[in-house]
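In what follows, a structure is listed as structure tokens, so that the remarks can point back to it.
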Amino acid sequence: MLVGDAEHWWRGTYQMLAARGVTVDWECFRTVFMGKYFPESVRHAKEAEFMRLHQGGMTVSEYAMKFEHLAHFYSQGIAEAWKCKKFADGLRYELKRVVVPMAIAEFPALVEKEKVVERLEGGNRAVRTAGGPSGSKKGESQRKPYDRPQPQQGGSVIRQSSSAASGGRQSGGPL
1 MLVGDAEHWW RGTYQMLAAR GVTVDWECFR TVFMGKYFPE SVRHAKEAEF
51 MRLHQGGMTV SEYAMKFEHL AHFYSQGIAE AWKCKKFADG LRYELKRVVV
101 PMAIAEFPAL VEKEKVVERL EGGNRAVRTA GGPSGSKKGE SQRKPYDRPQ
151 PQQGGSVIRQ SSSAASGGRQ SGGPL
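According to the UniProt record's numbering, the sequence shown is numbered sequentially starting from 1.
Printed below as a string of structure tokens:
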């Protein structure tokens, strides 16, 4: 059901088509609607995005949703087996290597198997990606590239070494 501007547009378009004697069926509606809201340039861009689509940082569920959305813009007919192959080709390697050898040719079954593999792989992955590239978490105490002078009561300045920042003793002060 159309609402708002789309509903208003369709009522006017329907009257115009009916006045011309055009049979308004689903295919007619779809063609006119797509021409209005998804011009050829947009459909072509979405089709190209579909052809380049890879999972990247998305979950399997997110990837499947985006895949199915963009598949609607693909101009060729999509056979189920081809759809499965295209989907699997875009998966991250650690997921793809487990399911591709199974040669699943039904899209819903393939997506469900990938979700299971993702959950199983997820425990190991969460540990590895919890922090930054070296495993450190952003914002945690990190070593400074140099020692900074620290003001002290009485106006004198002491230098705090890296070991002092982590609880060691300060240099430059009394022992």
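Note that beta-carbon positions come from the ideal geometry of N, C-alpha and C, so glycine has one too.
In this text, all values refer to a predicted model and were calculated from it rather than measured experimentally.
Local conformation of P39 per DSSP, three classes: Position 39 of the sequence shown holds residue 39. Coil at P39, not helix or strand.
Under the three-state DSSP convention, the category T23 falls into: Along the sequence shown, read from residue 1 onward, the residue named residue 23 stands at position 23. If DSSP states are grouped into helix, strand and coil, T23 belongs with coil.
Within-8 Å CB hit, M65 to chain D: Absent from the structure is chain D; it holds one protein chain and no more.
Length-filtered (3 minimum) beta strand (DSSP E) runs lying within the segment 39-119: none
Best match in E94, V117, E47, I104 for proximity to H69 [C-alpha to C-alpha]: Here residue 69 refers to the residue found at position 69 when the sequence shown is read from its first residue. It is E47.
Same chain, Cβ closer than 7 Å to E118, neighbours up to 5 away in sequence not counted: Along the sequence shown, read from residue 1 onward, the residue named residue 118 stands at position 118. Result list for E118: T59, V60, L95, in chain order.
Nonlocal neighbours in the same chain, by C-beta distance under 7 Å from L91, ignoring five residues either side: Residue numbering aside, residue 91 sits at position 91 when the sequence shown is read from its first letter. Counting only Cβ-Cβ distances below 7 Å, and skipping sequence neighbours, we find Q55, E114.
Proximity below 8 Å, CB of C84 to CB of A105: The count along the sequence shown starts at 1 and reaches residue 84 at position 84. The count along the sequence shown starts at 1 and reaches residue 105 at position 105. Going by C-beta atoms, C84 is nearer than 8 Å to A105.
For W26, the nearest candidate out of S41, W10, R20 (CA to CA): Taking the first residue of the sequence shown as 1, we reach residue 26 at position 26. Comparing Cα positions, the closest option is W10.
Simplified DSSP state of V3, which is helix, strand or coil: Numbered from its first residue, the sequence shown carries residue 3 at position 3. Reduced to three states, the DSSP call for V3 is coil.
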